[in-house]
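Note that the UniProt record's numbering numbers the sequence shown so that position 107 is 107, with each residue one more than the last.
Scroll down for the structure; my scribbles are underneath it.
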Amino acid sequence: MMNKRRKTAWLVICLVAFGASFGTFWLAETFLLKDGSARELTIENGLQNVNIDDTDYLVVKVENHTAENLYKLELYSSSTEWDLEVAENKSGFGGGSQEDYRKTPSSKELTGEKFEITHTLTISSDIYSKALQRTVTLREKEENKDKIPSFFLSLFIGGATFAILAVSQLREPKTRGEAATLLIENNLENARVRDVEILANIMKMGEFTVPEIKKRVGTSKATAYRTVNELVDVGLVKETEKEKTPNSVRGKPSKVYRYIGPES
Numbered sequence: 001m002m003n004k005r006r007k008t009a010w011l012v013i014c015l016v017a018f019g020a021s022f023g024t025f026w027l028a029e030t031f032l033l034k035d036g037s038a039r040e041l042t043i044e045n046g047l048q049n050v051n052i053d054d055t056d057y058l059v060v061k062v063e064n065h066t067a068e069n070l071y072k073l074e075l076y077s078s079s080t081e082w083d084l085e086v087a088e089n090k091s092g093f094g095g096g097s098q099e100d101y102r103k104t105p106s107s108k109e110l111t112g113e114k115f116e117i118t119h120t121l122t123i124s125s126d127i128y129s130k131a132l133q134r135t136v137t138l139r140e141k142e143e144n145k146d147k148i149p150s151f152f153l154s155l156f157i158g159g160a161t162f163a164i165l166a167v168s169q170l171r172e173p174k175t176r177g178e179a180a181t182l183l184i185e186n187n188l189e190n191a192r193v194r195d196v197e198i199l200a201n202i203m204k205m206g207e208f209t210v211p212e213i214k215k216r217v218g219t220s221k222a223t224a225y226r227t228v229n230e231l232v233d234v235g236l237v238k239e240t241e242k243e244k245t246p247n248s249v250r251g252k253p254s255k256v257y258r259y260i261g262p263e264s
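Set out below in structure tokens:
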């Protein structure tokens, strides 16, 4: 019975620690440490322009990373608008209609003060191919720099919770051992395991009522009364003048006892 109870207690401790760790990680990711957010990217004009959160950038360099199946775009921010030109569409799309496109600046123009490198964008080959033919809109989730700190924070909280509960659980055998020693020293050698458990709980509670001991230990009212009376007789427990009213409205007030220990 005791071994089963201890196994259950350790299982509950592990579940509570895991819940504290997971809850901390979720709260940190959702509310506290999350500084990243989704941004909207629009690639248009045949990969000549990129709009990021309503800010326009000019694509001035494209690097093909074939091994990784990616394209790297270097984006520059312009302080002035470039003139739009109308050119005849000779690519075969649209049956010879005309389209507007943004004029790409020359390398000489980029050396001026109009342009300042601001972003580097990496896209997949599939997105690159689509962007050459039409406008592509993406929602890119920015990296959350706090993922590692939030992970370690949740690990710390979970570990601390486990440690506190484990110490409390490991103290139980020590308290029971002290209770058993006190019973023997006071000539109660015939005490049963239930009596040891009752005294161990009394030592932790300090002041108590018989119904409280009955509920904590899970024993009968008669057993709880018998053990408490024996402890009063040997001087380990003292009956006080106080009474405690139970939560139930119909219940009668119970006498309050106090653990005074072997030296009193």
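The beta carbon of each residue, even a glycine, is placed where N, CA and C say it ideally should be.
In this text the structure is predicted, and so the values were computed from the model without any measurement.
- In the structure shown, S77 falls within a strand segment according to DSSP collapsed to helix, strand and coil.
- Annotated as proximal: K221 and K214, with beta-carbon spacing under 8 Å.
- Here T209 is buried, its C-beta having at least 16 other C-beta atoms within 10 Å.
- Following the DSSP letters along the chain, one finds L132 inside the alpha helix (DSSP H) bounded by residues S125 to Q133.
- Here E243 is near V256, since their CB atoms are less than 8 Å apart.
- Within its own chain, the residues whose Cβ lies closer than 7 Å to the Cβ of S21, once the five positions on either side in sequence are excluded, are S154, L155, I157 and G158, listed in chain order.
- Distance between R192 and L183, taken at the CA atoms: about 10 Å.
- In this structure V217 is buried. Its beta-carbon is surrounded by 16 or more other beta-carbon atoms within 10 angstroms.
- For L199, the enclosing alpha helix (DSSP H) has its first and last residue at V193 to M205.
- As the crow flies, the alpha-carbon of E239 is around 22 Å from that of T181.
- Counting the other CB atoms within 10 Å of its CB gives Y225 a total below 16, which places it among the exposed residues.
- With a cutoff of 8 Å on beta-carbon distance, S129 and N69 are scored as not near each other.
- Between F162 and A17, the C-beta spacing is below 8 Å.
- When C-alpha distances from V59 are compared across N45, A67, Q133 and G261, the shortest belongs to N45.
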